[in-house]
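Residue numbering for the first sequence follows the working numbering, starting at -12 and increasing by one per position.
See structure below.
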Amino acid sequence: MLTINLIREKKDFVIERLKVKNFDSEEIVGRILSLDATRREIQLKTDTLQAEMNRISKEIGNLVKAGKKDEANAAREKTYSIKEEIRSLTEKIDPVENELKNEIIKLPNLPHESVARGNGADDNVKVREGGAIPALPDTALPHWDLIKKYDIIDFELGIKLTGAGFPVYKGKGAKLERALISYFLDQGVKAGYTEMMPPIMVNEDSGFGTGQLPDKEGQMYNVALDGFYLIPTAEVPVTNIYRDVILNGDQLPVKNIAYTPCFRREAGSWGAHVRGLNRLHQFDKVEIVQIAHPDHSYKALEEMVAHVESLVASLGLPYRIMRLCGGDMSFTSALTYDFEVWSAAQKRWLEVSSVSNFESFQANRLKCRFREKGEKQTRLVHTLNGSALALPRIVAAVLENNQSESGIAIPPALVPYTGFEIIN
RNA sequence: GGAGAGAUGGCAGAGUGGUCGAAUGCGGCGGUCUCGAAAACCGUUGUCCGCCUUCCGGCGGACCGGGGGUUCGAAUCCCCCUCUCUCCGCCA
């Protein structure tokens, strides 16, 4: 959520920047400014009247204590009309405030100045690439055939237990999954992140804090009986740790890492390109989250990108890093880099990580601030997160890229974690 | 699931209708003392909103789990909700 101050002070700038995200905000901003003016006008009136009320009430107290009953009653008479006036103003201010908030949360985050205009994935900018695309024989199989051949992941069993998109990992498949989680966590801890194991269900406040609610309600599984949501990403609980928190400047940056299962309803997004592990309702992901000083958040973003890059490279996967254009970026992000790995049998790039700086957009919803030592003023922090990494598509690429007649070779970096070198 | 108790500032913990944004202690910050530190002593120490102000800041309003009510006046009284704790039962 953008701050009202920014909208008030840099109205034209806000409108211009949002055009990069193909978002026409002129009307909304106009409504916001008018509601804001109304709100302040009403508040000034009520505050003045309330001050008068408080003064008289205090006076009555003193008069009663002094035994001046008649004067006290006279003063009491005066309060009735003021009270009525306050009541009617209060009734007006509530809807104005609600409407104001409803309008503000409609505005997406402003894109960073480096973000290009564009409509979709085709307009994203390739920043870097690495790794060699393997040459596979024509007999190479897509991962959904490989997992059947080696019996390591069972989709039909998942359908029986739950439904489509909830696979069962078996034998070496399960071990590979666990190995990747451990490997990613260990690498993160080495890079200075603190490991967290958060709840995988969150309440409504948390859903609002990171921006899933109210807009993307339909994307999350809802445990209606208790009012909880299954997390679509560890970003939600791990970032919400800092909801309503004021940090000391010297505590920044906060660097946390967490493995969690992730749950996504993916309503309406089924169709082509979602076979096998490409899109699931439940999947595993290791997420890195940073709470950064606003002056250093882009340095933090680069550091996170470098970390994710080192992970992908260490698995020997061909990858490319894309800077998302305005039209392809999420509502909450100011700058996003996507990581894609080459899936050799599907012959397509699969998104395995998305690393973003949200600047103060989430922080403003979360009310996460920090105070510099010696300063009185609090400021909003910047929040960042990225997948490091999302497992299923990594598994898909590892299986497809490393297949041969004799089986699937495990990347050397993972062997200490799997305990085996080949799936056959 | 049954019975009971409670929710106050960073923490602990007073406060049952007016002068309470809230005693006191701890912690934090600044200072005195010291070569330095500890101890001791002195001072200071919440958040949000609005108005004024060139900065420093000043003034006003709100906030004692959340929401509503009674009252001229509510941390204090009433109603609803949420959460926590204790005991019993069940249980990974």
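For each residue, glycine too, the CB sits at the ideal point set by N, CA and C.
**Request:** Give the straight-line distance between the Cα atoms of Ile120 and Ser330, rounded to the nearest whole angstrom.
**Result:** It is roughly 9 Å from the alpha-carbon of Ile120 to the alpha-carbon of Ser330.
**Asked** Quick one: Cα of Ile91 to Cα of Gly313, how far?
**Response** Going from the Cα of Ile91 to the Cα of Gly313 covers about 20 Å.
**Message:** Mapping the DSSP letters down to three states, classify Phe413 as helix, strand or coil.
**Reply:** The chain is shown from -12 up to 411; residue 413 falls before or after that span and cannot be answered.
**Request:** Output the residue ranges of the alpha helix (DSSP H) runs that lie fully inside the region 168 to 248 and measure 4 residues or longer, sorted by chain position.
**Result:** Fully contained in the region 168 to 248 are the following alpha helix (DSSP H) runs of length 4 or more, in chain order: 191 to 196 and 222 to 227.
**Prompt:** Taking Cβ positions, are Val295 and Leu376 nearer each other than 8 Å?
**Reply:** Going by C-beta atoms, Val295 is nearer than 8 Å to Leu376.
**Asked** Going by beta carbon distance, what residues of the same chain come within less than 8 Å of Ala69, once the five residues before and after it are set aside?
**Response** The sequence given here has Ile at residue 69, not Ala. Cβ neighbours of Ile69 beyond the five flanking positions: Leu36, Glu39, Met40 and Ile43.
**Asked** So who's on the other strand from Gly373, going by DSSP bridges?
**Response** For Gly373, the beta-bridge partners assigned by DSSP are Ile275 and Val342.
**Item:** Cα-Cα separation, Trp131 to Pro248
**Value:** Approximately 21 Å between the Cα atoms of the pair.
**Item:** C-alpha distance - Leu128 paired with Glu338, whole-angstrom precision
**Value:** A direct Cα-Cα distance of roughly 20 Å separates Leu128 from Glu338.
**Request:** Helix, strand or coil for Arg310, going by three-state DSSP, please let me know.
**Result:** In the three-state DSSP reduction, Arg310 falls in the strand class (E or B).
**Prompt:** For Leu123, which residues of its own chain have a beta-carbon under 6 Å away from its beta-carbon, when the five flanking residues on both sides are left out?
**Reply:** Beyond the five residues adjoining it in sequence on each side, Leu123 comes within less than 6 Å, by CB distance, of Ala331 in the same chain, given in chain order.
**Request:** For Asn227, count neighbouring Cβ atoms within 10 angstroms of its own Cβ and tell me buried if that reaches 16, exposed if not.
**Result:** Asn227 sits buried, since 16 or more C-beta atoms from the chains shown fall within 10 Å of its C-beta.
**Asked** Excluding five sequence neighbours on each side, which residues of the same chain lie with their C-beta closer than 8 Å to the C-beta of Asn411?
**Response** Scanning its chain for C-beta atoms nearer than 8 Å, with the 5 sequence neighbours on each side dropped, one finds around Asn411 the residues Tyr137, Ser393, Gly394 and Ile395, in chain order.
**Item:** Limits of the unbroken alpha helix (DSSP H) element including Ser301
**Value:** Note, Ser301: alpha helix (DSSP H), Ser284 to Ser301.
**Message:** If you measure between the beta carbons of Tyr246 and Val273, is that distance less than 8 Å?
**Reply:** Contact: yes.
**Asked** If you run the structure through DSSP and keep just helix, strand and coil, what is Arg266?
**Response** Of the three classes helix, strand and coil, the one that applies to Arg266 here is coil, per DSSP.
**Request:** Decide if the region 48 to 65 is in contact with the region 149 to 169; the criterion is three or more beta carbon pairs, one per stretch, under 8 Å apart.
**Result:** Judged by Cβ distances under 8 Å, the region 48 to 65 makes no contact with the region 149 to 169, as fewer than three pairs qualify.
**Asked** Any idea what DSSP makes of Tyr67, helix, strand or coil?
**Response** Secondary structure of Tyr67 (DSSP, three-state): helix.
**Residue(s) in a DSSP beta bridge with Thr323** = According to DSSP, which records beta bridges pairwise, Thr323 is partnered with Ser343.
**Expected contact under 8 Å - CB spacing of Ala300 and Gly175 to nearest Å** = Their Cβ separation, rounded to whole angstroms, is 15 Å, which puts Ala300 and Gly175 out of contact at 8 Å.
**Beta-carbon contacts of Val292 that lie in its chain and below 6 Å, excluding the five residues immediately before and after** = Excluding sequence neighbours, Val292 sits near Tyr324 and Val342.
**Item:** Which residues DSSP lists as bridging Ile92, in chain order
**Value:** DSSP, once it has assigned bridges, lists no residue as partnering Ile92.
**Asked** Any chance the CB of Ile140 is under 7 Å from a heavy atom of the ligand PLP?
**Response** Annotation note on the ligand PLP: not contained in the displayed structure, which lists no ligands.
**Request:** Quick one: residues in its chain with C-beta nearer than 8 Å to the C-beta of Arg252, no 5 flanking neighbours on either side, listed in chain order?
**Result:** Gly205, Gln206, Met207, Tyr208 and His268, listed in sequence order.
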